[in-house]
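Shown next, in structure tokens, is the structure this report addresses.
In this note's numbering, the protein residues as written are 27 to 557.
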């Protein structure tokens, strides 16, 4: 009989894996959860103090400021703070741990623990953690007064808090389960997307896989070219402000001009960049101003918002929004116009960031921002702390980690074009590194570790007219753990608890095209094709 060394080696490795898995299972089943949870309070973590360890019974946790318990399994809750003021929590399921760890991100100016996201991770069996990024949120959206005179807190907000929380949470996880997590993941959108890309760029060893949704990664330019620019377009002259009642007319006009360009009339623009709708066609007749039209000044405001802003040399600072979804509830009415002048989230965000992060001046006026010298000053002062715009992801790639970025085409906050531009900049780096012979070759090399999914009709992280619910985490797990790269991710539109439409999300630059037969509300009747 011929001796098969390969079979022997495979059998030994399988036996070793089985023993390791069994040991982890025994470790989890034989320890006293309450005692193990309490012992975390004695764990030594650099510059960190544990203030609370407790067992939380199933469905009994109520987040601060809420009266409703969150749906969770029973877990060990760890509350701690890392100097100077990075508050964080770690939640550890008492049973059914999947052997993995997940950090979850923040939104806006952060300042709170992301309890809902932690609960979602916990329900999937993850040990999970979240941080407030080093400060407590103020009473109004996008409050940034906490940054006044505190460059250390800005540094924590930009990158340090999440990294240190991740390091500490992994240590807590290993101490509690007597075994390190097999895989570590990060999930976040908006500010959370910025955090995810910052991790990939600055701390590539923290995670095996990262999901960064609608990322505000080019933070300083984004706040100037988006928050400030859109506010100036509507508020430098308040006659330019577009009240929410007019937005449905704008959205309907866009759809009438461009919805059918993809061959389907469904209220969703598959490729908004192909839409050449001119806002001037919606100009009110002379002597008329009602909700069916826009005044000349309002037309100019829309044109500015779609075009983006350039500096005095004609160089684009940040891309503008794209047509589509303007009249949908919670999109432009919340972010761009607000219910009244000076109530939009864009105005609050831009005013707060530049007033406190950059100029530290309570009397600073957003109307006076100079897109040449003031932007350069901001990039030099706070850009290194908050901007995650470095396209060199080779250390992250070389570690074997994977990155999924998604972005809603109807995002009224962060231009979806910014995510495409960043992706293309990464492709350029990879092309030089791999000596790719053409764009397609460089794209394939990039897609080995980084894939971008554009989401037609989705607003900021969710909402909008298009399918906006999808499971990017399972796609990432399959990619990291089984080397099955995601070609498509199925997205659903849910109304009143019922799925009314599904569509495939395609790995950029491919787009979903209708096959020509069957319901256009079913993803199975679409294929991903080159644009």
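Even glycine gets a Cβ: it sits at the ideal position worked out from N, Cα and C.
Since residue 334 and residue 345 are thought to touch, with beta carbons under 8 Å apart, how far apart are those beta carbons, to the nearest angstrom?
-> Their Cβ separation, rounded to whole angstroms, is 5 Å, which keeps residue 334 and residue 345 in contact under 8 Å.
Contact belief for residue 100 with residue 82 at Cβ below 8 Å, rounded distance in angstroms | In this structure, residue 100 and residue 82 form a Cβ contact; the two beta carbons are roughly 7 Å apart against a cut-off of 8 Å.
Tell whether a beta-carbon distance below 8 Å holds between residue 67 and residue 79.
-> Between residue 67 and residue 79, the gap from beta carbon to beta carbon is short of 8 Å.
With a threshold of 16 other CB atoms inside 10 Å of the CB of residue 464, please say whether the residue is buried or exposed.
-> By the 10 Å Cβ count, residue 464 comes out exposed.
Just to check, is the beta-carbon of residue 135 closer than 7 Å to a non-hydrogen atom of the ligand MN?
-> The ligand MN is not part of the structure shown, which contains no ligands of any sort.
In three-state terms, what does DSSP make of residue 348?
-> For residue 348, the secondary structure class from DSSP, reduced to helix, strand or coil, is coil.
Mind checking residue 126: buried by the 16 CB within 10 Å criterion, or exposed?
-> Flag for residue 126 reads buried.
For residue 105, which residues from the same chain have a beta carbon less than 6 Å from its beta carbon, with the 5 sequence-adjacent residues on both sides left out?
-> When the five nearest sequence neighbours on each side are left out, the beta carbons in the same chain lying within less than 6 Å of the beta carbon of residue 105 are those of 77, 78 and 115, in order along the chain.
Should residue 173 be labelled buried (16 or more other beta-carbon atoms within 10 Å of its own) or exposed?
-> Residue 173 should be labelled buried.
In the DSSP assignment, find the beta strand (DSSP E) that holds residue 128 and state where it starts and stops.
-> For residue 128, the enclosing beta strand (DSSP E) begins and ends at 126-130.
Nearest residue (CA-CA) to residue 378, options 168, 276 and 326 = Of the listed residues, the one whose Cα sits closest to residue 378 is 168.
Does the distance from the C-beta atom of residue 245 to that of residue 454 stay below 8 Å?
-> Not closer than 8 Å, so no.
Which residues does DSSP pair with residue 486 in a beta bridge?
-> In DSSP, residue 486 forms no bridge with anything.
Check residue 135 in the structure and name its three-state DSSP category.
-> In this structure, residue 135 counts as coil in the three-state DSSP scheme.
With distances taken between CB atoms, is the gap from residue 482 to residue 435 smaller than 8 Å?
-> Result yes, Cβ atoms of residue 482 and residue 435 sit closer than 8 Å.
Give the DSSP bridge partners of residue 342, in chain order.
-> Answer is 336, bridged to residue 342.
Residue 539 and residue 555 look like a contact to me (Cβ under 8 Å); what is the Cβ gap, rounded to whole Å?
-> In this structure, residue 539 and residue 555 form a Cβ contact; the two beta carbons are roughly 5 Å apart against a cut-off of 8 Å.
For residue 638, does the count of other Cβ atoms within 10 angstroms reach 16, so buried, or fall short, so exposed?
-> Because residue 638 is not part of the residues shown, which for the chain are 27 to 557, the question remains open.
Alpha carbon to alpha carbon, how far is residue 285 from residue 560? Give it in angstroms, no decimals.
-> Shown here, the chain extends from 27 to 557; a query on residue 560 therefore has no answer.
Pick from 537, 549, 489 and 471: whose alpha carbon is nearest that of residue 511?
-> Of 537, 549, 489 and 471, the residue nearest in Cα terms is 471.
Could you tell me how far apart the beta carbons of residue 357 and residue 371 are, in whole angstroms, since I believe they sit closer than 8 Å?
-> Under the criterion of beta carbons closer than 8 Å, residue 357 and residue 371 do not qualify as touching, at roughly 11 Å.
Burial state of residue 304, where buried means 16 or more other Cβ atoms lie within 10 Å | With fewer than 16 Cβ atoms within 10 Å of its Cβ, residue 304 is classed as exposed.
List the residues that DSSP assigns as beta-bridge partners of residue 117.
-> According to the DSSP secondary-structure assignment, residue 117 is paired through a beta bridge with 103 and 154.
With C-beta atoms as the reference, is residue 213 less than 8 Å away from residue 405?
-> For residue 213 and residue 405, no; Cβs fall outside 8 Å.
For residue 180, which residues from the same chain have a beta carbon less than 8 Å from its beta carbon, with the 5 sequence-adjacent residues on both sides left out?
-> Cβ contact annotation for residue 180 (same chain, cutoff 8 Å, sequence separation greater than five): 173, 383, 408, 411 and 412, in chain order.
Segments of 4+ residues assigned as alpha helix (DSSP H) that fall wholly inside the stretch 147-232 = Every unbroken stretch of the alpha helix (DSSP H) spanning 4 or more residues and falling wholly within the stretch 147-232 is given here in chain order: 177-181, 187-203 and 217-228.
Could you tell me the distance, in whole angstroms, from the CA atom of residue 397 to the CA atom of residue 271?
-> Using only the alpha carbons, I get a separation of about 31 Å.
Mind reading off the beta-carbon distance from residue 444 to residue 248? Whole number of angstroms is fine, and I expect it under 8 Å.
-> Confirmed, Cβ separation roughly 7 Å.
Output the boundary residues of the alpha helix (DSSP H) element that contains residue 461.
-> Segment: none, residue 461 is in no alpha helix (DSSP H) and carries neither H nor E.
When DSSP labels each residue in this structure, what does residue 399 get in the three-state scheme?
-> In this structure, DSSP gives residue 399 a helical state, which the three-state scheme calls helix.
Buried or exposed: which applies to residue 122, given that a residue is buried once 16 or more other Cβ atoms fall within 10 Å of its Cβ?
-> So residue 122 counts as exposed.
May I have the straight-line CA-CA distance separating residue 351 from residue 70, to the nearest angstrom?
-> Cα-Cα distance, rounded: 50 Å.
Going by beta carbon distance, what residues of the same chain come within less than 7 Å of residue 228, once the five residues before and after it are set aside?
-> Excluding residues up to 5 positions away in sequence, 185 lie with their Cβ nearer than 7 Å to the Cβ of residue 228 in the same chain.
What is the DSSP secondary structure of residue 532, counted as helix, strand or coil?
-> DSSP places residue 532 in strand when its eight states are reduced to three.
Roughly how many angstroms separate the alpha carbons of residue 54 and residue 124, rounded to a whole number?
-> Confidence is the limiting factor: at residue 54 the pLDDT is only 45, short of 50, which leaves the residue's position unreliable, though a coordinate-based value still follows. If you take the alpha carbons of residue 54 and residue 124, they lie about 11 Å apart.
For residue 478, which residues does DSSP report across the bridge?
-> According to DSSP, residue 478 shares a beta bridge with 431.
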